[in-house]
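Right, one structure below, let's go through it.
Protein chains: 2
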Amino acid sequence: MNQAIGVIDSGVGGLTVVHELMRQLPKESLIYLGDTLRCPYGPRSKEDVRKFTWEMTDFLLDKQIKLLVVACNTATAFTLNELQEHLSIPVIGVIKPGARAAIKATENSHIGVIGTEGTIGSKAYNQALSGIKSDLHVNSLACPLFVPMVEQGVLSGKEAEEIVEKSLLPMKEQNHIDTLILGCTHYPLIKETIQKVIGSQVTVISSSEETAREVSTILEFHNQLYNGLDTPAHQFYTTGEMGVFAKITESIFRESAAYFQSVTIKKAVIAH
Amino acid sequence: MNQAIGVIDSGVGGLTVVHELMRQLPKESLIYLGDTLRCPYGPRSKEDVRKFTWEMTDFLLDKQIKLLVVACNTATAFTLNELQEHLSIPVIGVIKPGARAAIKATENSHIGVIGTEGTIGSKAYNQALSGIKSDLHVNSLACPLFVPMVEQGVLSGKEAEEIVEKSLLPMKEQNHIDTLILGCTHYPLIKETIQKVIGSQVTVISSSEETAREVSTILEFHNQLYNGLDTPAHQFYTTGEMGVFAKITESIFRESAAYFQSVTIKKAVIAH
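Sequence lines, in order, name chains A and B.
Positions 1 to 272 (my numbering) are the ones given, in order, by the first sequence.
Positions 1 to 272 (my numbering) are the ones given, in order, by the second sequence.
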């Protein structure tokens, strides 16, 4: 049986993980659930984020997924350990993969992290980084305007640049980092703008790309990579407006028409 | 208890994996065994490689390692599945990590692989690559002169360049690849020479760096990363000449004096 990989996110940001999963693991089928109705999670309480994340998880467990990706940094920061304890399938978050890639990339041991208030406030990246390597200098910064901007489809242009420029100013002024972790799966959608603002001397790490890579590692380690001949079928669910979700989805997968043809978008009604 | 990560190799090539493990996982202790006495494995029969690999594995299992890295592509190609089946600890080879990194890196789907006759003849990289993604064009080339050259300490200069230039000619003439996997853990020691010969437009993937990254992923997934405060202690064993081994080890770790101070080199007598 060709069991799917499940991916949950607070909105559309997790689609950047889906995009990388399709590229790096093109034989796998994916089921995505974006909680666009209640997005963003960043400013919400830990209890709310936990509750919503469990509701999404239960929705996907019903669909017999073989692995769960928590493609939202805020949800990862607040619930990953708990999900890993309770679920019998592997659960992968987006924080450790980004942390590991940054440790591999940095040469001067100065790493920047940007994310939502929830993610930055949780200090999850600091813990993930120092848990592996103690002598790192980590410079964290919450960028609360980025998620609403992306969810509204503002990905480039003058308005986007001004917001990014203003938000990153405190990090730019310090001017030490050689590696910057995009600690939110929405941010790869504005990666070019971020790279332009922060400067080409900084290696920008996408937690989405790195998470897809680690899904491949873990599935292969458990001998669970799909090796049949069926064409993958992808299902995308949203709790919110179908129209807005479809529009953003299309813009993300614009250059991947072949993949996009295999996707069905549905409305999700999740149990509260 | 601070259990060590075990690393085995046919000679000194696996030290490039050790170097990356020390950099990416500086809290972990390592035990290395290089079978320099019987190096190279590349031209040997599958049966010989299997026998030698099991002898090295048994030597390290006696030392209570928590994870085994088979840091030799030839040994990985011939024995990884078997070791993974029989051992109760995780066993990581060097082929899949390099394959995954190449899939992540390539943009034109043309990937080159260089390695020993044994590794290339086994088609292990072709299988690892096409197992994950079918539409790749893989161009493989055996470079039998590289390992003996490295084991003799010839890492750069005119002689090294001439050998690399001549060896890579068939791959250069095709001129399609945008990504080249160094499918032998000796090759990162001549990476600069290889990059110079193959051209800067090609992304050169070191299976050593990628393997260290995946060791981090797997240990963390099993909740086995060391999180105590003990300073790591490393033990290096060789089956061959202590003097030659120490000399090459020193040249590899030249810029990592801090790490190198924590290393003890011993002679290994392994059971036949």
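Ideal Cβ positions, reconstructed from N, Cα and C, are used throughout, including at glycine.
Any contact of the stretch 99-107 of chain A with the stretch 74-85 of chain A, i.e. 3+ C-beta pairs under 8 angstroms?
Verdict: no, contact absent.
Could you check if A/Glu209 is buried or exposed, using at least 16 other CB atoms within 10 Å of its CB as the buried criterion?
For the purposes of this step, residue 209 of chain A is taken as residue 209 along the first sequence, with counting starting at 1. Burial call: buried.
In whole angstroms, what separates the C-alpha of B/Gln195 from that of B/Asn139?
Taking the first residue of the second sequence as 1, we reach residue 195 of chain B at position 195. Taking the first residue of the second sequence as 1, we reach residue 139 of chain B at position 139. B/Gln195 and B/Asn139: Cα-Cα distance of roughly 17 angstroms.
Whole runs of the beta strand (DSSP E) within the stretch 5-79 of chain A, excluding any shorter than 3 residues
Listed in chain order, the complete beta strand (DSSP E) runs (minimum 3 residues) inside the stretch 5-79 of chain A are 5-9, 30-34 and 67-70.
Given a threshold of 16 other Cβ atoms within 10 Å of its Cβ, counted over all protein chains shown, does A/Thr20 qualify as buried or as exposed?
On the first sequence, residue 20 of chain A is found 20 positions in, with the first residue counted as 1. A small correction: the amino acid at residue 20 of chain A is Glu; Thr does not occupy that position in the sequence shown. A/Glu20 should be labelled buried.
Chain B within 8 angstroms of A/Asn73, Cβ atoms only
Translated into positions along the first sequence, residue 73 of chain A becomes position 73. Not one chain B Cβ lies under 8 angstroms of A/Asn73.
Whose C-beta lies closer than 7 angstroms to the C-beta of A/Leu33 among residues of the same chain, with five residues either side of it excluded?
Reading the first sequence from its first residue, position 33 is the one you call residue 33 of chain A. Correct list, in chain order: Ile8, Met56, Phe59, Leu60, Tyr237 and Ala268.
Neighbour flag for B/Ser206 against chain A, beta carbons, 8 angstroms
As a working mapping, residue 206 of chain B is identified with position 206 in the second sequence. Output row for B/Ser206: interface = no.
With 8 angstroms as the threshold, decide whether the Cβ of A/Gly228 is near any Cβ in chain B.
On the first sequence, residue 228 of chain A is found 228 positions in, with the first residue counted as 1. Interface residue (Cβ-Cβ distance to chain B less than 8 angstroms): A/Gly228 is not classified as such.
Rounded C-beta distance between B/Tyr41 and B/Thr74? I'm assuming under 8 angstroms.
Within the second sequence, numbered from 1, the residue matching residue 41 of chain B stands at position 41. Within the second sequence, numbered from 1, the residue matching residue 74 of chain B stands at position 74. Yes, they are in contact, since the Cβ atoms of B/Tyr41 and B/Thr74 sit about 4 angstroms apart, within 8 angstroms.
Consult DSSP for B/Ser140 and reduce its assignment to one of helix, strand or coil.
Your numbering for residue 140 of chain B matches position 140 in the second sequence. It is a strand residue.
Do you know offhand how far A/Met149's Cα is from A/Ala160's?
Here the question's residue 149 of chain A lines up with position 149 in the first sequence. Here the question's residue 160 of chain A lines up with position 160 in the first sequence. Each residue's Cα considered, the two are about 8 angstroms apart.
Using a C-beta cutoff of 8 angstroms, does B/Lys63 count as contacting chain A?
Here residue 63 of chain B refers to the residue found at position 63 when the second sequence is read from its first residue. Judged by the 8 angstroms Cβ criterion, B/Lys63 is not in contact with chain A.
How many Å lie between A/Thr185 and B/Ser45 at the Cα?
The sequence position of residue 185 of chain A within the first sequence is 185, counting from 1. The sequence position of residue 45 of chain B within the second sequence is 45, counting from 1. Distance between A/Thr185 and B/Ser45, taken at the CA atoms: about 48 angstroms.
Own chain partners of A/Lys281 with C-beta closer than 8 angstroms, once the 5 adjacent residues on each side are dropped
Only positions 1 to 272 of chain A appear in the structure, and residue 281 of chain A is not among them; the question remains open.
Taking the runs of the alpha helix (DSSP H) that are 4 residues or longer, which of them lie wholly in the stretch 100-185 of chain B?
Listed in chain order, the complete alpha helix (DSSP H) runs (minimum 4 residues) inside the stretch 100-185 of chain B are 117-122, 124-132, 146-151 and 157-174.
What residues from chain B crowd round A/Lys104, counting only those whose CB sits closer than 7 angstroms?
For the purposes of this step, residue 104 of chain A is taken as the residue at position 104 of the first sequence. Near A/Lys104 (Cβ distances below 7 angstroms), the residues of chain B are Gln24, Glu209 and Arg213.
Which stretch, first to last residue, makes up the beta strand (DSSP E) that contains A/Val263?
Position 263 of the first sequence, counted from the first residue, corresponds to residue 263 of chain A. Judged by DSSP secondary structure, A/Val263 falls within the beta strand (DSSP E) whose first and last residues are Val263 to Lys267.
With B/Ser206 as the anchor, note down where its beta strand (DSSP E) starts and where it stops.
Translated into the one-based positions of the second sequence, residue 206 of chain B becomes position 206. Per DSSP, B/Ser206 belongs to the beta strand (DSSP E) from Thr203 to Ser206.
Closest Cβ-Cβ distance between B/Thr217 and chain A: below 8 angstroms?
Sequence index remark: in the second sequence, residue 217 of chain B carries index 217 (1-based). The C-beta of B/Thr217 comes closer than 8 angstroms to at least one C-beta of chain A.
How about B/Ile132 and B/Ile103: do their beta carbons lie closer than 8 angstroms?
Here residue 132 of chain B is taken as the residue at index 132 of the second sequence, counted from 1. Here residue 103 of chain B is taken as the residue at index 103 of the second sequence, counted from 1. For B/Ile132 and B/Ile103, yes; Cβs fall inside 8 angstroms.
Quick one: what's A/Thr238 bridged to in DSSP?
Taking the first sequence and counting its residues from 1, one reaches residue 238 of chain A at position 238. Answer by DSSP bridge pairing, in chain order: A/Gly34 and A/Lys267.
Please check if any C-beta of chain B sits within less than 8 angstroms of the C-beta of A/Ile177.
Locating residue 177 of chain A in the first sequence gives position 177, where the first residue counts as 1. The C-beta of A/Ile177 comes no closer than 8 angstroms to any C-beta of chain B.
Of the residues B/His272, B/Val113 and B/Val164, the one placed nearest B/Val204, counting alpha carbons only:
Counted from its first residue, the second sequence places residue 204 of chain B at position 204. For the set B/His272, B/Val113 and B/Val164, the Cα lying nearest the Cα of B/Val204 is the one of B/Val113.
Checking 8 angstroms against the spacing of the C-beta atoms, do A/Val17 and A/Ala212 come in under that value?
As a first step, residue 17 of chain A must be located in the first sequence, where it is residue number 17. As a first step, residue 212 of chain A must be located in the first sequence, where it is residue number 212. Closer than 8 angstroms, so yes.
Cβ of A/Leu225 within 8 angstroms of any chain B Cβ
Locating residue 225 of chain A in the first sequence gives position 225, where the first residue counts as 1. Output row for A/Leu225: interface = yes.
Euclidean distance between Cα positions of B/Ser134 and A/Glu173
Reading the second sequence from its first residue, position 134 is the one you call residue 134 of chain B. Reading the first sequence from its first residue, position 173 is the one you call residue 173 of chain A. Distance between the alpha carbons of B/Ser134 and A/Glu173: 46 angstroms.
Determine the chain B residues that contact A/Arg100 at a beta-carbon separation under 7 angstroms, and present them in chain order.
Locating residue 100 of chain A in the first sequence gives position 100, where the first residue counts as 1. Going along chain B in sequence order, the residues near A/Arg100 (Cβ under 7 angstroms) are Arg213, Ser216 and Thr217.
Closer than 9 angstroms, Cβ to Cβ, to anything on chain B: give me those residues from the stretch 4-34 of chain A, in chain order.
Correct list: Glu20, Arg23, Gln24, Leu25, Pro26 and Lys27.
Residues of chain A with CB closer than 7 angstroms to the CB of B/Phe221, please, in chain order.
Mapped onto the second sequence, residue 221 of chain B falls at position 221. Those are Ile218, listed as they occur along chain A.
Figure out for me which residue from A/His86, A/Ile181 and A/Met242 has the closest Cα to the Cα of A/Asp35.
Residue 35 of chain A sits at position 35 when you count from the first residue of the first sequence. Minimum Cα distance to A/Asp35 is reached at A/Met242.
Name the chain B residues that come within less than 7 angstroms of A/Lys96, Cβ to Cβ?
Against the first sequence, residue 96 of chain A aligns to sequence position 96. Residues of chain B passing the Cβ test: Glu220.
Which chain A residues sit within Cβ distance under 7 angstroms of B/Lys133?
The residue given as residue 133 of chain B occupies position 133 in the second sequence. Result: Pro26.
Would you say A/Ile31 and A/Gln235 are within 8 angstroms of each other, going by their C-beta atoms?
On the first sequence, position 31 is the one that residue 31 of chain A refers to. On the first sequence, position 235 is the one that residue 235 of chain A refers to. Annotated as proximal: A/Ile31 and A/Gln235, with beta-carbon spacing under 8 angstroms.
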